[in-house]
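Residue numbers (our numbering): 1 to 285.
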């Protein structure tokens, strides 16, 4: 395949707003993005950020650009934010959007019993250096019994490959049915897997949830893209990782090495930053 010259979204008109409000994290994984866990940017003023996000979501809902807004909470570790419950409650009461969260799942079961209900989907990442597998299995049972929509992704650390594989094997053998995925890690947009390790990703879904959960996942908007190459061939993909695993993700002028367009809010001066976003005319996917 030649170089990529265009990536076109073929999924439904949806805007995904990724909110990276802080880099405070209780983990210190070596492979995380630079400054993603250093704690140098504290959590924002919840009263300021909730108003800004509601304004942004309502802007898109009132436009003819999209038919659904998803709000993805990132970090750092977003569950550490003391203002999280205030934020998500206000957003849900004042605008129409799906709130999803990316988390390491390390908060107590008591915390998850109280707050899991707020999220349309919970995306749990398993990090081999710090994960407590006993706690993770208990959390899986809790979320399964409550019928919450969640997935568990094991980030496959090439420096600790055998340990990651053993984590996947243990979770595969756990007595609950849930969505278990293996995910490659990227360092400055590159992967460093051996040929044998790369083959491991040919089957990214290692365990499937029950029928009811599968139906709920099928209702979720799916990422679908058409990749156009310089030789005029066109390839349909539904995984961001496909681009990076094939070393086709080095895009001039892009900060994100996936090559997928989305709206990303980082820990900055939120009032100024959101004003700049709202002033843009370009359609985002």
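Cβ coordinates follow ideal geometry from the N, Cα and C atoms, glycine included.
State the DSSP-derived secondary structure class of residue i, mapped to helix, strand or coil.
i, result
"residue 208", "coil"
"residue 88", "helix"
"residue 135", "helix"
"residue 74", "coil"
"residue 183", "strand"
"residue 151", "strand"
"residue 65", "coil"
"residue 259", "Reliability fails at residue 259, whose pLDDT of 45 lies under 50, so the model's placement of it is uncertain and the value that follows must be treated cautiously. Coil."
"residue 146", "coil"
"residue 52", "helix"
"residue 117", "helix"
"residue 33", "coil"
"residue 111", "helix"
"residue 60", "helix"
"residue 176", "coil"
"residue 95", "coil"
"residue 3", "coil"
"residue 197", "helix"
Roughly how far, in whole angstroms, is the beta-carbon of residue i from the beta-carbon of residue j, given that I think they are within contact range, below 8 angstroms?
i, j, result
"residue 179", "residue 151", "4 angstroms"
"residue 264", "residue 18", "5 angstroms"
"residue 14", "residue 221", "5 angstroms"
"residue 165", "residue 4", "The pair is not a contact, with the Cβ atoms about 31 angstroms apart (cut-off 8 angstroms)."
"residue 214", "residue 208", "7 angstroms"
DSSP puts residue i in a beta bridge; with which residues?
i, result
"residue 226", "8 and 236"
"residue 266", "20"
"residue 203", "DSSP lists no partner for residue 203."
"residue 156", "184"
"residue 102", "123"
"residue 214", "Looking at the DSSP assignment, residue 214 forms no beta bridge with any residue, so it has no partner."
"residue 190", "187"
"residue 14", "68"
Going by C-alpha to C-alpha distance, which of the options sits closest to residue i?
i, options, result
"residue 210", "176, 181, 183 and 18", "176"
"residue 32", "194, 165, 219 and 104", "104"
"residue 21", "8, 203 and 71", "71"
"residue 182", "190, 124 and 222", "124"
"residue 101", "39, 121 and 83", "121"
"residue 53", "96, 81, 82 and 190", "96"
"residue 200", "161, 128, 50 and 36", "161"
"residue 153", "34, 167 and 51", "167"
"residue 115", "146, 134 and 198", "146"
"residue 190", "227, 246, 155 and 170", "246"
"residue 218", "149, 207, 163 and 158", "149"
"residue 204", "158, 213, 82 and 184", "184"
"residue 142", "111, 85 and 40", "111"
Cβ-heavy atom distance between residue i and the ligand GDP below 7 angstroms?
i, result
"residue 156", "With respect to small molecules bound, the structure shown includes none, and the ligand GDP cannot be examined in it."
Does the CB of residue i have a neighbour CB from chain D at under 8 angstroms?
i, result
"residue 84", "Here chain D cannot be found, since the structure has a single protein chain."
Three CB pairs or more closer than 8 angstroms across the segment 123-140 and the segment 226-238: no
Validate contact between the segment 39-56 and the segment 81-91 using beta carbons, cut 8 angstroms, 3 pairs: yes
Three or more C-beta pairs below 8 angstroms linking the segment 25-38 and the segment 62-79: yes
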